[in-house]
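**Q** Before we start, here is the structure in question, set down as structure tokens.
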Amino acid sequence: MRLGLYLNLYGTPGERPRLADAVEQARLAEQAGFEWVVLGERHLHRPGYHEILTSMTWLAAHTSRIGIATAGIVTPLYDPVVLAETLAHIDVLSGGRLTAGFVLGYRPEEFALYGVKQSERVARFEEGLEILTRLWTSDEVTYEGKFTSIKDAYLSPRPVQSPRPRLWNGGRVSAVLERTARMCDGWTTSFNELDADLPEKIAEYLSYPRGAESLGQEVILCREGYCAPTSQAARQALEEPLRDLYDAYTGWKRTSTDAARYTQGWDDIVNRSVIGSSAECADRLAHYEEMGADGIILRIQPPGMPQSEALKSIEAYGELLKP
1 MRLGLYLNLY GTPGERPRLA DAVEQARLAE QAGFEWVVLG ERHLHRPGYH EILTSMTWLA
61 AHTSRIGIAT AGIVTPLYDP VVLAETLAHI DVLSGGRLTA GFVLGYRPEE FALYGVKQSE
121 RVARFEEGLE ILTRLWTSDE VTYEGKFTSI KDAYLSPRPV QSPRPRLWNG GRVSAVLERT
181 ARMCDGWTTS FNELDADLPE KIAEYLSYPR GAESLGQEVI LCREGYCAPT SQAARQALEE
241 PLRDLYDAYT GWKRTSTDAA RYTQGWDDIV NRSVIGSSAE CADRLAHYEE MGADGIILRI
301 QPPGMPQSEA LKSIEAYGEL LKP
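With UniProt numbering, letter number 184 in the sequence shown gets 184, and the count goes up by one each step, no holes.
Structure (structure tokens):
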């Protein structure tokens, strides 16, 4: 099973986020055999949240082999040409380690900040991804869209990976699953997707026709994770900071259909996560592999968890990845 480490780029009130901690985790994950380090995106977060694209560049400079991935960039907020050029250069600087994951976004205040109408997010997403992939793979692009028009445009340098870096897309409704199969190469779930719902969602995603330029239909599950000597030790390290994070999500996702999932109890969380002793985590990874997952992104460190606790868990997962 390929594992990704979702990095904590944000803090709690009174705590400034430290990208140095993320670098330390990324290097340890690289040594432990993780496939990717994975970054999310948030704006208007008072404690602070490191900007995603510059953070990717910093992590690429401080690692050598591990993939640099996102889950995901709020695509409708960006000028697609600028996004295509920046991500292409990250792939160049990292030596071809980029996986670009996208999402539609859901927070009204973020759309207002960027001057984008939330009602236009689907149209902007599709147009943006079409422009991005064409710029990555074509010698020259002319495009007349609803939001962006370009003539005789090209990128130099283009991405290192051929024909291009892989694209992921996150979401859970049928329209997102269809769009992901048509325009991207992998689907990323939410962290709170219930195990009981996953087989049907995976089957639905795989049932949609792949686009002509698709590089595959990977299933990438995002799961809460903490591996410790015992299940009790895992709970002691994770429960309080994770509950604080979920309380914050309840406010952030007030306009989202899945907001209620963040009010679940500890047992509910464990039943859809990779949390517990090494043996329990190994069983959970095997469970998801049998379900059809091609990779799992683990969120190990919620804001407020000490760095030392996160590093211990990364090492424990590394032991599971050894042949």
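C-beta atoms are modelled at their ideal positions from N, C-alpha and C, and glycine is treated no differently.
1) What residue range is occupied by the uninterrupted beta strand (DSSP E) comprising arginine 2?
2) Are the beta-carbon atoms belonging to isoleucine 300 and cysteine 222 less than 7 angstroms from one another?
3) Can you tell me the Cα-Cα spacing of glycine 128 and glutamate 120, whole angstroms?
4) Helix, strand or coil: how does DSSP classify aspartate 79 here?
5) Of all the options Tyr6, Gly304, Leu104, which has the alpha carbon lying nearest to the alpha carbon of alanine 123?
6) Thinking alanine 22 and leucine 3 are a contact (beta carbons under 8 angstroms), I'd like their distance in whole angstroms, please.
7) When we look at the beta-carbon of residue 341 and count the other beta-carbons within 10 Å, is it buried (16 or more) or exposed?
8) What are the uninterrupted segments assigned as beta strand (DSSP E) that are 3 or more residues long and contained completely in the stretch 140-197, given in chain order?
9) Is it true that the stretch 33-49 meets the stretch 86-94, where meeting means three or more beta-carbon pairs spaced less than 8 angstroms apart?
10) Have a look at Cys227, Ile150, Val81, Glu200 and flag the residue whose alpha-carbon is nearest the alpha-carbon of leucine 321.
11) With valine 270 and cysteine 281 assumed to form a contact (beta carbons below 8 angstroms), what rounded beta-carbon distance in angstroms separates them?
12) For alanine 316, which of helix, strand or coil comes out of DSSP?
13) Whole-angstrom Cβ separation of arginine 272 and leucine 194, contact assumed at under 8 angstroms?
14) Decide if threonine 230 is buried, meaning its Cβ has at least 16 other Cβ atoms within 10 Å, or exposed.
15) Starting from tyrosine 288, follow the beta strand (DSSP E) in both directions and report where the run begins and ends.
16) Since I believe threonine 54 is in contact with glutamate 30 (beta carbons under 8 angstroms), could you give me their beta-carbon distance rounded to a whole number of angstroms?
17) Rounded to whole angstroms, what is the Cα-Cα separation between glutamate 126 and glutamine 236?
18) So for threonine 63, helix, strand or coil by DSSP?
19) Over the uninterrupted alpha helix (DSSP H) stretch that includes isoleucine 131, give me the two end residues.
20) Suppose contacts are defined by Cβ-Cβ distances below 7 angstroms. Is leucine 28 in contact with leucine 238 by that definition?
21) Nearest-angstrom Cα distance between tryptophan 187 and aspartate 91?
22) Which residues in the same chain as lysine 117 place their Cβ atom closer than 8 angstroms to its Cβ, once the five residues preceding and following it in sequence are excluded?
23) Can you confirm whether alanine 286, when its beta carbon is compared against all beta carbons of chain B, has any partner nearer than 7 angstroms?
24) At which residue ranges does the stretch 202-252 contain complete alpha helix (DSSP H) runs of 4 or more residues, listed in the order of the chain?
25) By DSSP, does phenylalanine 102 sit in helix, in strand, or in coil?
26) With distance defined between alpha-carbon atoms, name the residue in Phe147, Gly72, Gly304, Ile131 nearest to leucine 245.
27) Can residue 327 and proline 241 be called in contact, C-beta distance under 7 angstroms?
28) Take valine 81 as the anchor and find which of Tyr154, Glu41, Gly40, Ala71 has the nearest alpha-carbon.
29) For valine 274, list the residues DSSP reports as bridge partners.
**A** The structure says:
1) 2-6
2) no
3) 12 angstroms
4) coil
5) Leu104
6) 16 angstroms between Cβ atoms; not a contact.
7) Coverage of the chain is limited to positions 1 through 323, which leaves residue 341 absent and any answer about it impossible.
8) 141-144, 149-153, 166-170, 186-188
9) no
10) Cys227
11) No, valine 270 and cysteine 281 are not in contact; Cβ-Cβ is about 11 angstroms, not under 8 angstroms.
12) helix
13) 6 angstroms
14) exposed
15) No beta strand (DSSP E) holds tyrosine 288; the alpha helix (DSSP H) holding it covers 278-291.
16) With a Cβ gap of about 20 angstroms, glutamate 30 and threonine 54 do not count as contacting.
17) 43 angstroms
18) coil
19) 121-137
20) no
21) 20 angstroms
22) Phe111
23) No chain B is present in this structure, which holds just one protein chain.
24) 231-252
25) strand
26) Gly304
27) What the structure shows of the chain is the stretch from 1 to 323, and residue 327 is not part of that stretch, so it cannot be assessed.
28) Tyr154
29) Gly225
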